[in-house]
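S.K.: Using full-length UniProt numbering, the letters of the sequence shown correspond one by one to residues 1 to 402.
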Amino acid sequence: MLEQLTSQKQMLEAKQREVNQLMSTQDQSQDAWQAEAAELAGLQANLTKEEGLYADLQKKVQKEIARLTDQQLAADKRLRELQAAYEKKQEKVDQLREQAVARGSIARNASQQADVVQANLAEAEGLVNKHRRLAETSEKVFLQAKMDVDHAERLCLDSEHEVAEKKELKLRVLAARSSLQSFYNNVDNLSRSLEGKIMDPEADAPKLFRADPLAAVALRSYNEMTASFRRLFVKSKDTYEVVAGSIPEIEGNAEAALKLLCDPFEAIEEEAQRAGNSTIFEEKCGPFLWSDLGVERRPFPSFAEMEPGRQESEDMQEEEPESPTNMWKDEEETEETQTGDLPSSPVGLPPLPLERLPTKTTHAPEPEPESMSPKTPVMGLPPPPLDRLPSKTTPSPNAVPD
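1) Where does the unbroken alpha helix (DSSP H) through F233 begin, and where does it stop?
2) With distances taken from CA atoms, which of K88, L180 and I198 is nearest E266?
3) Alpha helix (DSSP H) containing residue 404: first to last residue?
4) Are the CB atoms of S138 and L68 nearer to each other than 7 Å?
5) Between the segment 180-197 and the segment 250-264, are three or more C-beta pairs nearer than 8 Å?
6) Where F229 and A37 are concerned, what is the direct C-alpha to C-alpha distance, given to the nearest angstrom?
7) Compute the Euclidean distance between the alpha carbons of Q62 and M147, then round it to the nearest angstrom.
8) Roughly how far, in whole angstroms, is the beta-carbon of A135 from the beta-carbon of D76, given that I think they are within contact range, below 8 Å?
9) If I'm right that R210 touches D292 with Cβ under 8 Å, what's the distance once you round it to whole angstroms?
10) Which value, in whole angstroms, describes the spacing of the CA atoms of A218 and V149?
11) Straight-line CA distance for L40 to A66?
12) Can you round the beta-carbon distance between A216 and G276 to whole angstroms, since I take them to be within the 8 Å contact cut?
13) Using 8 Å for Cβ pairs, my map puts E282 next to W290. What's the rounded Cβ distance?
14) With distances taken from CA atoms, which of V234, T239 and L180 is nearest N223?
15) Can you tell me which of E270, V243 and P287 puts its alpha carbon nearest to the alpha carbon of D31?
16) Extract the residue ranges of the alpha helix (DSSP H) inside the segment 250-300, only unbroken runs of 4 or more that lie entirely within it.
17) Roughly how many angstroms lie between the CA atoms of H151 and A84, to the nearest whole one?
18) What's the call for A176, buried or exposed, on a 16-neighbour Cβ count within 10 Å?
19) By Cβ distance below 6 Å, which residues in the same chain neighbour K89 in space, the five residues on each side in sequence not counted?
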């Protein structure tokens, strides 16, 4: 029994090194994220500058409006006074002329007085016209100043809207990363809970998996993760296109993690292959895991599912779950992934540290040098969960002391 456990530990340590090599893939989307953050900072600086210019302009406009308003009121007052004086003099001239005509002649003094009054009236009319032109000029200046204020207000509102959109997009990107880390943590908790039970070759791993309450929690957190990615998809197709390259890796690692915990020694998978009936594996450790636990698996959003003119919605309750027959890759795809080159993560989203245990057809890799050890996560990306399977430093609870 001790030799069997020691052999299993060695197999798990080898697989851990292989998983660490997978997790060491560099994040290739940090430049895109940094560019977005730099653009957001630039927009914030422009907004602050524009607000200062707007405040200065508003003060100048208010001051100019007050000055022009005072001028307009004074001109209007003078205009009314001159108009009243003009009308009064005109009335007096008319009276004098009527009196002269009635008497049959115009006296010299009356004629001279009339000429003086006529000259004064002409001068008053000139002043009236001058003040009218000043009032019209003041009105034009006032209208131009108001147009400048309206334009500045529109620029300020546009800048505020752009900054708000960038902030909202940043929050959705961070929410997607947080939901991914939460899913990793839940899978890691499930692994901790099951590791001491499923390492017994005689244990019924599928039954233990279904009986563990943390299993449904992990599956529901997967749906919460896809919902968070869908909200990012609805907000910005361009940003989602950057992170979409890592989705196949996330899906593949999630499936591999569940298969590892449900069928740790690949006994069920090999039985299905010998019988030529994939239903054996699907019912125990395949897509029916979800239905048995009462959870409908929800897919990641894709550009292919969007129809022209379709109204986008963030209501996750109306989405149709993915068909159970399409949730798992066939055996040929799984073997190709295990034996081929390790896929790189376009955006550096950390993969799950769970892989298939070494079998007759999957040999343990050579020891990895220290230079190949996983690196520290970059720019606050969530660190991958620790692999809780037994090793030299974390012995299995069922191990027999020497």
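In this text, a Cβ means the ideal position worked out from N, Cα and C, and glycines have one as well.
M.R.: This is what the structure gives:
1) P213 to K235
2) I198
3) The question about residue 404 has no answer, for the chain in this structure spans 1 to 402.
4) yes
5) Three or more pairs of CB atoms, one per stretch, sit closer than 8 Å, so the segment 180-197 contacts the segment 250-264.
6) 19 Å
7) 13 Å
8) 7 Å
9) 6 Å
10) 56 Å
11) 39 Å
12) Between G276 and A216 the Cβ distance is about 32 Å, and since that is not below 8 Å, they are no contact.
13) The pair is not a contact, with the Cβ atoms about 11 Å apart (cut-off 8 Å).
14) Comparing C-alpha distances from N223 to each of V234, T239 and L180 shows the shortest one belongs to L180.
15) V243
16) Segments of the alpha helix (DSSP H) lying fully in the segment 250-300: 267-275, 279-285 and 288-292.
17) 42 Å
18) buried
19) V117 and L121
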